[in-house]
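Undergrad: A single structure is presented below for examination.
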Amino acid sequence: MGTIDPGTANLQPPAVNLQRRGFVELLLGGGFLATAGAFIYPVLRYFVPPKTADLGGDSVVAGKVGELKPNSGKIFPFGNRPGLLILTATGEYHAMSAVCTHLSCTVQYRPDMKEVWCACHNGKYGLDGRNISGPPPRPLQAFDVQVRGDEIFVTRRKEA
Amino acid sequence: MTVLRNAVNWLHDRLEWDDLIAPLKEKTVPRHRLSYWYFLGGITLFLFGIQVVTGILLLLYYRPGANEAFESVQYIMTQVQFGWLIRSIHSWSANLMIFTAVAHMFSVLFLKAYRKPRELTWVSGVILLGLVMGFGFSGYLLPWNTLAYFATKVGTDIAGQVPLIGHPIMVFLRGGEEVTGATLTRFFGFHVAVLPGIVVLVILFHLLMVQRQGMSVPPSVETEWTAKPSLKRETRFFPNFVLRELMAWYVGLGVLGALAAMFPWNLGVKADLFGSAPAGIKPEWYFLFMFQTLKLIPSKVWFVDGEVLGILAFCVAGLLWLLLPFFENDRAARSRRWITGLSVFALAFVIAMSVYGYLAK
Amino acid sequence: MATLQSEIRPSGVLRSLLAGGVLIVAAALGGAQSKNSCVDCHSALPDNLGVTQETFSHDIHAQKGLTCVNCHGGDAGSDDPTQAMSKKAGWKGAIDRRQIPQLCGSCHSDPAYMRQFNPSLRTDQLAQYHTSVHGKRLAAGDTKVAVCTDCHSVHNLRAPNDPQSTVYPTNIATTCSRCHADANYMKAYGIPTNQFANYNKSVHHDALMVGGDLSAPTCTTCHGNHGAAPPGVDSVPNVCSTCHVFQAQMYEKSSHKAAFDSAHLPGCIVCHQNHAIVHPTDAKLGSQPGAVCMRCHQPGDQCDQARGDILAQLTKLDNSIRQADQALAVAEAAGMEVGEARLGQNEARDSLTKARVAIHSFKTGVITPYVEAGMGAAKKDLKAGQDAMVERNHRRAGLGFSLIAIGMVVFGLRLYIDKIEK
Chain S
35 MGTIDPGTAN LQPPAVNLQR RGFVELLLGG GFLATAGAFI YPVLRYFVPP
85 KTADLGGDSV VAGKVGELKP NSGKIFPFGN RPGLLILTAT GEYHAMSAVC
135 THLSCTVQYR PDMKEVWCAC HNGKYGLDGR NISGPPPRPL QAFDVQVRGD
185 EIFVTRRKEA
Chain H
38 MTVLRNAVNW LHDRLEWDDL IAPLKEKTVP RHRLSYWYFL GGITLFLFGI
88 QVVTGILLLL YYRPGANEAF ESVQYIMTQV QFGWLIRSIH SWSANLMIFT
138 AVAHMFSVLF LKAYRKPREL TWVSGVILLG LVMGFGFSGY LLPWNTLAYF
188 ATKVGTDIAG QVPLIGHPIM VFLRGGEEVT GATLTRFFGF HVAVLPGIVV
238 LVILFHLLMV QRQGMSVPPS VETEWTAKPS LKRETRFFPN FVLRELMAWY
288 VGLGVLGALA AMFPWNLGVK ADLFGSAPAG IKPEWYFLFM FQTLKLIPSK
338 VWFVDGEVLG ILAFCVAGLL WLLLPFFEND RAARSRRWIT GLSVFALAFV
388 IAMSVYGYLA K
Chain B
1091 MATLQSEIRP SGVLRSLLAG GVLIVAAALG GAQSKNSCVD CHSALPDNLG
1141 VTQETFSHDI HAQKGLTCVN CHGGDAGSDD PTQAMSKKAG WKGAIDRRQI
1191 PQLCGSCHSD PAYMRQFNPS LRTDQLAQYH TSVHGKRLAA GDTKVAVCTD
1241 CHSVHNLRAP NDPQSTVYPT NIATTCSRCH ADANYMKAYG IPTNQFANYN
1291 KSVHHDALMV GGDLSAPTCT TCHGNHGAAP PGVDSVPNVC STCHVFQAQM
1341 YEKSSHKAAF DSAHLPGCIV CHQNHAIVHP TDAKLGSQPG AVCMRCHQPG
1391 DQCDQARGDI LAQLTKLDNS IRQADQALAV AEAAGMEVGE ARLGQNEARD
1441 SLTKARVAIH SFKTGVITPY VEAGMGAAKK DLKAGQDAMV ERNHRRAGLG
1491 FSLIAIGMVV FGLRLYIDKI EK
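Protein chains in written order, with my numbering: chain S, 35 to 194; chain H, 38 to 398; chain B, 1091 to 1512.
What follows is the structure, given as structure tokens:
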């Protein structure tokens, strides 16, 4: 009762359609290959890890040993914000956020004062980030420093 | 070509799949003016497959944990080759899948495919819809941006409003009293392990039922065919229907690719637990109709708290929805009209409330 | 307790008149925890003589356990006005304005006494006051000038770190303006009364009142509080340099310092004003009316040329930064991630700020390195924005290729299905 649509049983085309048959098969085959390529190529590229390693949001390589002279500091990018890495005259590393807690200017290390200073409104911080004088209302967030090999790792302190 | 044929024959000699494939070879699908609706279920399954593949790829780089989640998604979007593509496809496909799942459900409803003997297919389908929304809710938090954080906060708050069991449910969902990094870890576990495990079993059952019972024919077409049997038309499942489905799936791929390339999913701003909620925060579109309804209910109805009443109403409605096929009694025609009326109302309500929720401030 | 030195007796007639009318009220008002008959009566009196328990409860002295009699003398235990306000009980009555600083100072300048309450409080306020314009004029007999109670208020005197105190940083300007913005009141002194109005236009006012930055300067920051006096013409740069260190250092070494000093011009104020210190724009370096350089310099001379050069450099950097910002915005709108370049823009903006600070050296050679650094950063960010758009086009091309391939498959399937169903 009723009709069932013909399936592949009907695949004996008359000679007239020979050209068309080849065309359809070519179209399909070519299409499948092209789409397969278009899908597999990105996935294969995806598998390859990028050159810049993702250490996570908490840790970053701030510099290399020997890069900083004693009693000097440098600004390094830490996620979205600048950080300050200091090497004291006695060979200790300190690291802290470089965003001033007053009006967000970038602070700097002053070798003459041996303190962290903000040029915008003369705010001063100690080597532990504590706000000592001037407008800043809060200390700078301090980071942990670890030297592994010749790389200096700066890590955010974990929240509770 | 012969290489392929030899390989197939080699496997066939060892696996002997003739009796498994035979029913598939004979299987037919009814063909009538409404049979295009049959594709929706397959498309939903296809999109789920896309989610699994892109999800596994994302797992290679994503890190759960309040300190790292946002940065890892940022890494995927900016540093990983084609990471933007994989992530955007995952996000778009999630939304499209929920849409097709809901469309599939309403088409089943209007075409009356839930009738005996397919009641369990309906029940498993509604369960699947709930699981899919669970996927959406848990996955939304994983990038750990402000919108996600507050949407989760509001959503779990609402869950906590259910009388008696609400608070324990909320604590279970949040992994604590508040939404924290613990919530993120927990949602990650739900999203990549718990829900996939459960949903795979339910999908298998759902598909098994569909395969064994075949496709349902809408009542109007049935009556036509009973009157004039010569009108009845069927298509072979393999290869005709499968090829058509393949077409639909390829179109779906094209749509996904276009959406991902033209409208990449954005990163947002990293969640700040101590910040205040952005003004006019709303849940994702598939929760909007519930959200907006709750907002419209007055704060006190008689002596009952308005929001609690709303949540309970939705729970009851959900339960009735799940058991819908069992309300069709002996006087099939009459109850069927009721159900049609209810379906129209439900669809109109969901659309109207979603639009309202989207436009409201 | 330190000895009080003044003795003033209010009119006896006045006292008797009040006594009768108030006795009933006094009886009605029950006893406080510790008897204070002063407040019992005076809380019912009209404004001039009225002090309620509620008002007095906010007073820092009351909170430390000091009451009416500690300043006014008298006997707080007696409900009888004649006894409460008797000379025998040490009653001093309302304190004359000329005596107020001395009265307050009798405790607040005594370190040994103040140590009991707050050892870290300063005790030199009275000494400072004597050096101030207010103090000197008061000593010369002018009772219109401010004394302690005018600024700190009295009977509801709050500690300065209480946000509702009249001398909390956000309230100081208003307190000073009560006299200094009153043209009538200040008529005899011949000094301007527009300082408050001008200050309210200033960037310091915005920082303090709008931004909530309590370290932003208000009247007392530059003029001193107890030793209030205008800074001398020579000391203006010193005052400003407390916060604006770099600008001051550059100015010190510049040609303008010598020039202004010899002309007795007050340094920073010449270009920036004293009270209406608005946010400076690059237009200040222009040649239109309102720009500052051309007030003194001749058009066409060496300084005018330097001015033009500096303005051109700053404008060039500003435009570069804007251009890069725009390119990044376009990239973001197209869905590309340019977060790193956005950060780089901060570096460029920092350089622009430093270049603007370097204006105070009045030497093009000092400004140029900052401008160059900023240009480098802005150029890099512009390129990042442009690269992002190139990448976007690549993506579109990739999408196009995929869509064509997909189209081939879909079309092919359509044809194949048609064929097998014939």
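We treat Cβ as the ideally placed atom computed from N, Cα and C, and that holds for glycine.
If you draw a straight line from the alpha carbon of S/L102 to that of S/L121, how long is it in whole angstroms?
TA: Your numbering for residue 102 of chain S matches position 68 in the first sequence. Your numbering for residue 121 of chain S matches position 87 in the first sequence. The alpha-carbon atoms of S/L102 and S/L121 are separated by roughly 7 Å.
Undergrad: Kindly list the residues whose CB is nearer than 8 Å to the CB of H/P154, restricted to its own chain and excluding five residues on each side of it in sequence; keep chain order.
TA: Position 117 of the second sequence, counted from the start, is the residue given in the question as residue 154 of chain H. Q250, listed in sequence order.
Undergrad: Can you tell me whether DSSP reads H/V338 as helix, strand or coil?
TA: Start at 1 with the first residue of the second sequence, and residue 338 of chain H comes out as number 301. DSSP places H/V338 in strand when its eight states are reduced to three.
Undergrad: Fully enclosed by the region 57-134 of chain S, which beta strand (DSSP E) runs are 3 residues long or longer?
TA: Entirely contained in the region 57-134 of chain S, the beta strand (DSSP E) runs reaching 3 residues are, in chain order, 93-98, 106-112, 115-121 and 127-131.
Undergrad: If I follow the unbroken alpha helix (DSSP H) through H/W286, where does it start and stop?
TA: Position 249 of the second sequence, counted from the start, is the residue given in the question as residue 286 of chain H. First-last of the alpha helix (DSSP H) with H/W286: V279 to M299.
Undergrad: Report buried or exposed for B/C1131, applying the criterion of at least 16 other Cβ atoms within 10 angstroms of its Cβ.
TA: The sequence position of residue 1131 of chain B within the third sequence is 41, counting from 1. When all chains shown are included, B/C1131 counts as buried.
Undergrad: Should H/F382 be labelled buried (16 or more other beta-carbon atoms within 10 Å of its own) or exposed?
TA: The count along the second sequence starts at 1 and reaches residue 382 of chain H at position 345. So H/F382 ends up on the exposed side.
Undergrad: Taking 8 Å as the cut-off, decide whether the C-beta atoms of B/G1155 and B/W1181 are in contact.
TA: Position 65 of the third sequence holds residue 1155 of chain B. Position 91 of the third sequence holds residue 1181 of chain B. Against a cut-off of 8 Å, the Cβ pair of B/W1181 and B/G1155 comes out as no contact.
Undergrad: Measure the C-alpha to C-alpha separation of H/W129 and H/F328 and round it to an integer number of angstroms.
TA: On the second sequence, residue 129 of chain H is found 92 positions in, with the first residue counted as 1. On the second sequence, residue 328 of chain H is found 291 positions in, with the first residue counted as 1. The straight-line gap from Cα to Cα measures roughly 22 Å.
Undergrad: With burial defined as no fewer than 16 other Cβ atoms inside 10 Å of the residue's Cβ, what is the status of H/E282: buried or exposed?
TA: The residue you call residue 282 of chain H lines up with position 245 of the second sequence. Buried: at least 16 other Cβ atoms inside 10 Å.
Undergrad: Where do the N-terminal and C-terminal ends of the alpha helix (DSSP H) with B/E1342 fall, by residue?
TA: In the third sequence, the residue the question calls residue 1342 of chain B occupies position 252. V1335 to K1343 is the span of the alpha helix (DSSP H), which, as asked, contains B/E1342.
Undergrad: Where does H/R410 fall in DSSP's three states?
TA: Nothing can be reported for residue 410 of chain H: it is not among the residues displayed for chain H, which extend from 38 to 398.
Undergrad: Does DSSP put H/Q250 in a helix, in a strand, or in coil?
TA: As a working mapping, residue 250 of chain H is identified with position 213 in the second sequence. Helix.
Undergrad: Go ahead and pull the three-state DSSP assignment for H/N400.
TA: This structure cannot speak to residue 400 of chain H, because chain H is shown only from 38 to 398.
Undergrad: For H/V117, which of helix, strand or coil comes out of DSSP?
TA: Stepping through the second sequence from its first residue, residue 117 of chain H is reached at position 80. H/V117: coil per DSSP, three-state reduction.
Undergrad: In three-state DSSP terms, what is S/W151?
TA: By 1-based counting over the first sequence, the position of residue 151 of chain S is 117. Reduced to three states, the DSSP call for S/W151 is strand.
Undergrad: Verify whether the separation of the beta carbon atoms of B/G1425 and H/F107 is less than 8 Å.
TA: To locate residue 1425 of chain B, count along the third sequence from 1; it is residue 335. To locate residue 107 of chain H, count along the second sequence from 1; it is residue 70. No, Cβ-Cβ distance for B/G1425 and H/F107 is not below 8 Å.
Undergrad: Excluding the 5 residues flanking H/S391 on each side, which residues of the same chain have their C-beta closer than 6 Å to its C-beta?
TA: Here residue 391 of chain H refers to the residue found at position 354 of the second sequence. Same-chain partners within the cutoff: L325 and F326.
Undergrad: To the nearest whole angstrom, what separates the beta carbons of B/A1319 and B/V1223, a pair I think is in contact under 8 Å?
TA: Walking along the third sequence from the start, residue 1319 of chain B turns up at place 229. Walking along the third sequence from the start, residue 1223 of chain B turns up at place 133. Between B/V1223 and B/A1319 the Cβ distance is about 5 Å, and since that is below 8 Å, they are a contact.
Undergrad: Determine the chain B residues that contact H/G291 at a beta-carbon separation under 7 Å, and present them in chain order.
TA: Counting from one through the second sequence, the residue named residue 291 of chain H turns up at place 254. Neighbours of H/G291 on chain B, chain order: L1493 and I1496.
Undergrad: Mind checking the region 292-326 of chain H against chain B and listing, in chain order, the residues whose C-beta falls within less than 8 Å of any C-beta there?
TA: From the region 292-326 of chain H, only G294, A295, A298, M299, F300, P301, N303 and L304 have a Cβ closer than 8 Å to chain B.
Undergrad: Using C-beta distances below 7 Å, list every residue in its chain close to B/A1478, excluding the 5 sequence neighbours before and after it, in chain order.
TA: Counted from its first residue, the third sequence places residue 1478 of chain B at position 388. Contacts found: A1421, M1426 and V1428.
Undergrad: In terms of DSSP beta bridges, what is H/P67 paired with?
TA: In the second sequence, the residue the question calls residue 67 of chain H occupies position 30. Bridge partners of H/P67: H/E271.
Undergrad: Name the residue from B/G1167, B/R1432 and B/C1312 whose alpha carbon lies nearest to the alpha carbon of S/P111.
TA: On the first sequence, position 77 is the one that residue 111 of chain S refers to. Ranking B/G1167, B/R1432 and B/C1312 by Cα distance to S/P111 puts B/R1432 first.
Undergrad: For B/I1367, name the three-state secondary structure that DSSP assigns.
TA: In the third sequence, the residue the question calls residue 1367 of chain B occupies position 277. DSSP places B/I1367 in coil when its eight states are reduced to three.
Undergrad: Can you have a look at B/A1306 and say buried or exposed, based on whether 16 or more other CB atoms are within 10 angstroms of its CB?
TA: Sequence index remark: in the third sequence, residue 1306 of chain B carries index 216 (1-based). B/A1306 should be labelled buried.
Undergrad: Round the Cβ separation of B/V1323 and B/H1354 to the nearest angstrom and send it over; I've been treating them as touching at under 8 Å.
TA: To locate residue 1323 of chain B, count along the third sequence from 1; it is residue 233. To locate residue 1354 of chain B, count along the third sequence from 1; it is residue 264. With 8 Å as the limit, B/V1323 and B/H1354 qualify as a contact, their Cβ atoms being about 6 Å apart.
Undergrad: By a C-beta neighbour count over all protein chains shown, 10 Å radius and 16 as the cutoff for buried, is B/Y1506 buried or exposed?
TA: By one-based count along the third sequence, residue 1506 of chain B stands at place 416. That one is buried.
Undergrad: Applying the 10 Å Cβ sphere with the 16-neighbour rule, what's the burial state of H/H243?
TA: Translated into positions along the second sequence, residue 243 of chain H becomes position 206. The residue in question, H/H243, is buried, as its Cβ has 16 or more Cβ neighbours within 10 Å.
Undergrad: Mind checking if S/F110 is an interface residue toward chain B, Cβ cutoff 8 Å exclusive?
TA: Here residue 110 of chain S corresponds to residue number 76 of the first sequence, with the count starting at 1. Judged by the 8 Å Cβ criterion, S/F110 is not in contact with chain B.
Undergrad: Can you name, in chain order, every residue of its own chain whose Cβ lies under 7 Å from the Cβ of H/L94, other than the five neighbours on each side?
TA: What you label residue 94 of chain H is simply residue 57 of the second sequence in a count that begins at 1. The residues are I123.
Undergrad: Under 8 Å between C-beta atoms, does S/F177 make it to chain B?
TA: For the purposes of this step, residue 177 of chain S is taken as residue 143 along the first sequence, with counting starting at 1. Chain B contact via Cβ: absent.
Undergrad: Tell me the rounded alpha-carbon separation between H/G92 and H/L179.
TA: Your numbering for residue 92 of chain H matches position 55 in the second sequence. Your numbering for residue 179 of chain H matches position 142 in the second sequence. So the two alpha carbons sit approximately 12 Å from each other.
Undergrad: Would you mind working out which of B/K1444, B/S1210, B/S1352 and B/Q1392 sits nearest S/H155, comparing C-alpha positions?
TA: For the purposes of this step, residue 155 of chain S is taken as the residue at position 121 of the first sequence. With distances taken between Cα atoms, S/H155 lies closest to B/K1444.
Undergrad: Does the Cβ-Cβ distance between B/I1262 and B/T1310 come in under 8 Å?
TA: The count along the third sequence starts at 1 and reaches residue 1262 of chain B at position 172. The count along the third sequence starts at 1 and reaches residue 1310 of chain B at position 220. It is a contact, given that the beta carbons lie within the stated cut-off.
Undergrad: Does the CB of S/A220 have a neighbour CB from chain B at under 8 Å?
TA: Chain S is shown only over 35 to 194; residue 220 of chain S falls outside these bounds and no answer can be derived.
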